[in-house]
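Protein chains in written order, with the working numbering: chain A, 141 to 704; chain B, 6 to 338. In what follows, a structure is listed as structure tokens, so that the remarks can point back to it.
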């Protein structure tokens with residue numbers, strides 16, 4: 141790929157001045173983007189970073205005129221290649237979309253029409269903008285798929301989206317967005333929900349479009365992803381750009397406290413054993429020493445030996461989801477399991493929770509049989525192991541109040557009587573930093589962070605020795621993630637509860653774990669202390685994973701120079 | 006679609022997705038169909054047993070007739086009415102399995118030939134009205150769903166109204182307006198095409214209402230899906246997004262509903278045939294019920310069950326045509 145020196149351009153590709161976007165009907169407009177300005181030159185990448193509700197996605201959609209009927213867009217200037225986009229008719233916008241601005245929507249997994257062939261989706265912009273005959277378009281689709289690095293493009297073009305992996309779907313989406321080689325490409329969270337190795341490939345692909353002299357706007361919540369690709373970063377919060385500047389400057393010496401908080405909230409090597417978020421109330425207490433020395437001597441809560449679980453796929457072939465996995469969890473420690481999707485992390489957790497029977501191997505709880513028991517005999521011991529899921533909303537009954545959700549998990553033998561139970565509910569909510577004012581709320585009336593706190597309170601209710609946390613922070617914004625991770629650390633030091641912590645996020649795993657298992661295709665490829673795994677990985681797979689991980693290179697001055 | 010060779014999947018080995026004939030599914034479906042028919046037959050038999058009145062009397066001319074006792078006994082003997090229940094049940098199922106629906110008490114001719122004479126107009130009516138329902142509901146969905154509050158409410162209002170209207174009332178209204186007042190269509194007219202329109206419309210409008218309600222929901226959901234927004238971001242016009250992307254998704258629940266609706270439409274056809282004095286199974290059934298002509302009632306019931314089963318097999322097939330995901334085997338994720 142030839143690298144074009146970014147030529148000094150007079151006119152920027154995109155110029156946005158004092159952009160305001162609101163929603164609502166006459167008189168009742170709620171503004172969500174409050175006068176932001178930025179510009180972009182060809183061959184450069186601007187990253188707009190922010191958490192949910194920051195207005196970043198709305199900003200991106202405004203640039204292609206897809207904010208919906210109830211939106212009101214105002215700006216002093218909104219120009220693409222010197223031509224104003226303000227007040228474009230529907231027809232005018234349609235001419236711009238796809239041809240002059242390529243847009244890669246958030247949610248790669250559902251952004252392709254599940255009932256249409258991948259090739260038809262990629263050919264769509266060509267068809268809409270009348271480029272070429274049918275056969276010509278077909279050839280172009282194959283070229284595009286090749287260009288974005290999809291193997292066997294002829295076959296892929298004939299397949300349906302569900303037959304493609306997440307990474308391939310994202311490539312296909314990008315192929316559709318660059319089909320007409322638009323001068324501006326906007327990618328909204330292009331790597332979210334993708335495994336790290338795939339994420340790295342997608343970023344490399346986007347980098348190539350940038351090198352071809354196209355402008356790139358990257359929308360992301362993830363500063364680490366952004367640091368790889370962006371030349372400029374704009375940090376958005378509540379509809380405003382709080383800080384904007386070259387990427388090194390923002391990452392190395394952030395000026396705005398919010399940018400600093402965002403950077404601090406990212407769990408990684410340097411954050412281990414420290415708090416990620418400023419304490420909401422009360423004094424600053426450092427989390428417990430991560431290397432609790434006395435751990436080794438205590439007898440394990442859970443011992444799993446040679447677990448094997450195979451599933452019969454819909455094609456009739458069996459697939460081994462968990463293949464000879466052994467592990468031990470001791471009181472008060474955190475065992476992290478890290479791996480990409482399909483590596484068998486969750487199946488392992490389900491076996492340990494005795495929700496799935498292993499085909500062979502067994503799990504003992506406190507040295508006594510666990511997976512081999514009948515469910516009836518297991519029930520009274522179930523309280524020793526509880527669980528927190530990724531999406532608390534789907535694990536709550538939406539009609540139940542917070543009080544009922546937590547109350548339901550309190551064993552009758554522990555607290556009998558209405559008053560005693562209410563007291564316990566309040567106590568549990570106190571542990572997770574939820575006030576009594578939320579007792580009568582229902583799950584839909586809570587924020588994502590509050591829901592996860594309540595899920596943790598519910599998991600604590602039966603006084604478990606072990607909590608299985610299956611991707612507990614993956615759906616949360618970094619700052620909320622930071623608070624929840626801090627909370628988990630506090631609870632561990634207060635209550636000496638052990639965690640089996642499952643995540644695809646290496647930074648999170650590094651931050652929370654005492655010991656780590658790295659899983660791939662159902663097998664444990666490497667295990668050891670967090671130090672060993674992250675500082676001197678032995679297995680090649682682990683090394684690849686760590687290499688693919690976008691990092692915030694805040695201290696090392698090794699980033700390549702960005703053309704001025 | 007052509008066959009697909011084996012594929013690799015981001016480097017990992019995957020099962021080659023072959024498009025072979027799904028025999029296992031086909032066998033299960035066939036077994037399921039037989040089970041449904043058997044259950045329907047058993048229910049019919051039970052109803053026959055539980056229905057009041059002397060069957061020999063019904064055969065001999067209904068409640069009004071006063072045949073001598075000897076004749077009654079002779080008839081009971083002839084029809085095997087006094088055999089043990091197990092024997093009668095076995096004979097009943099055996100006859101059904103060989104396609105013998107017995108002899109009509111009333112007309113003294115085989116039920117199969119009676120049905121054969123009358124089934125044509127009814128089937129025509131049912132299928133034309135189902136088709137008409139689709140022809141009415143799809144454009145309404147396409148032109149009103151997600152098109153602003155006024156149009157959406159109009160579409161939804163139309164659907165709710167017709168879904169709720171009783172067919173006999175609708176039939177009478179259509180008859181009065183189009184046949185008596187405007188004189189556009191004949192009041193009755195046998196099986197001619199113009200005589201088909203009003204009865205078919207009577208059945209189609211309520212069905213179109215139901216269809217519209219389910220397709221509208223799915224359609225409006227589809228319009229907000231990321232894939233629809235992606236299509237717009239490629240420059241697709243709203244019409245293209247609707248026709249090329251969203252409509253197909255919205256058809257799926259409609260197809261499922263149609264499977265149920267055809268069964269229901271056959272019962273509706275009975276009423277409509279009486280209102281419009283159309284020939285068909287409806288008239289036959291009404292006569293049979295009022296004269297306790299049990300073999301005819303059972304025969305028609307079994308026919309409806311059979312149509313139900315066949316239609317649902319067709320629906321499964323249609324589903325595979327509209328939803329190509331069902332054609333290939335799912336990848337192991």
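Built from N, CA and C at the ideal position, the CB exists for glycine as well. Note that the structure is predicted; figures quoted are calculated from it, not measured.
Residue(s) in a DSSP beta bridge with residue i
i: residue 603/A; result: Answer is none; residue 603/A lacks a bridge partner.
i: residue 442/A; result: 469/A and 505/A
i: residue 658/A; result: 478/A and 666/A
i: residue 609/A; result: 528/A and 641/A
i: residue 163/A; result: 170/A and 211/A
i: residue 328/A; result: 359/A
i: residue 82/B; result: None; residue 82/B has no bridge partner.
i: residue 375/A; result: 189/A and 383/A
i: residue 414/A; result: Answer by DSSP bridge pairing: none, since residue 414/A is not bridged.
i: residue 115/B; result: 108/B
Proximal chain B residues relative to residue i, where beta-carbon distance stays under 7 Å
i: residue 272/A; result: Here the premise fails: no neighbours, minimum Cβ distance about 15 Å.
i: residue 204/A; result: 238
i: residue 316/A; result: 239
Proximal residues of chain A, C-beta to C-beta of residue i below 8 Å
i: residue 330/B; result: 254, 255, 300 and 302
i: residue 248/B; result: The contacting residues do not exist; residue 248/B stays about 12 Å from chain A at best.
CB-CB length for residue i against residue j, believed under 8 Å
i: residue 371/A; j: residue 382/A; result: Not confirmed; about 19 Å, so no contact.
i: residue 159/A; j: residue 202/A; result: 7 Å
i: residue 193/A; j: residue 378/A; result: 7 Å
i: residue 616/A; j: residue 589/A; result: 6 Å
i: residue 208/B; j: residue 270/B; result: 5 Å
i: residue 528/A; j: residue 604/A; result: The pair is not a contact, with the Cβ atoms about 11 Å apart (cut-off 8 Å).
i: residue 569/A; j: residue 597/A; result: 5 Å
i: residue 467/A; j: residue 328/B; result: Residue 467/A to residue 328/B, Cβ: 42 Å. No contact.
i: residue 584/A; j: residue 612/A; result: Wrong, their Cβ atoms sit about 20 Å apart, outside the cutoff.
i: residue 407/A; j: residue 651/A; result: 3 Å
i: residue 214/B; j: residue 165/B; result: 7 Å
Where the beta strand (DSSP E) containing residue i begins and where it ends
i: residue 463/A; result: 458 to 469
i: residue 276/B; result: Segment 252 to 280 is the alpha helix (DSSP H) holding residue 276/B; no beta strand (DSSP E) there.
i: residue 555/A; result: That residue, residue 555/A, is in no beta strand (DSSP E); it is neither H nor E in DSSP.
i: residue 386/A; result: 380 to 386
i: residue 241/A; result: 241 to 244
i: residue 219/A; result: 217 to 220
i: residue 186/A; result: 185 to 189
i: residue 296/A; result: First-last for residue 296/A: 293 to 298, but that is the alpha helix (DSSP H), not the beta strand (DSSP E).
i: residue 287/A; result: Note, residue 287/A: premise wrong, no beta strand (DSSP E); alpha helix (DSSP H) at 274 to 287.
Beta-carbon neighbours of residue i, restricted to chain B and to distances below 9 Å
i: residue 247/A; result: 231
Within chain B, the residues that residue i reaches when beta carbons sit closer than 8 Å
i: residue 163/A; result: Under the 8 Å cutoff, chain B gives no residues; its nearest Cβ is about 15 Å from residue 163/A.
i: residue 265/A; result: 239 and 240
i: residue 289/A; result: Going along chain B, no residue has its Cβ under 8 Å from residue 289/A, so there is no contact; the nearest lies around 11 Å.
i: residue 239/A; result: 240
Interface partners of residue i on chain A, CB under 9 Å
i: residue 234/B; result: 201, 206, 243, 245 and 251
i: residue 242/B; result: 230, 231, 234 and 268
Beta-carbon neighbours of residue i, restricted to chain A and to distances below 7 Å
i: residue 253/B; result: 255
Residue range of the unbroken alpha helix (DSSP H) whose run includes residue i
i: residue 568/A; result: 558 to 571
i: residue 174/A; result: No alpha helix (DSSP H) contains residue 174/A, which is instead part of the beta strand (DSSP E) from 170 to 180.
i: residue 680/A; result: 680 to 688
i: residue 346/A; result: 336 to 351
i: residue 200/A; result: 196 to 203
i: residue 401/A; result: 397 to 405
i: residue 267/A; result: 258 to 268
i: residue 627/A; result: 618 to 635
i: residue 100/B; result: 90 to 102
i: residue 311/A; result: 306 to 317
i: residue 303/A; result: Here residue 303/A belongs to no alpha helix (DSSP H), and DSSP marks it neither H nor E.
Query raised in the report: In the stretch 138 to 176 of chain B, which residue ranges form an unbroken alpha helix (DSSP H) of at least 4 residues, counting only runs that do not cross its ends?
Result: 153 to 169
**Report entry** 3 or more residues per run - each beta strand (DSSP E) lying fully within the stretch 208 to 245 of chain B
**Finding:** none
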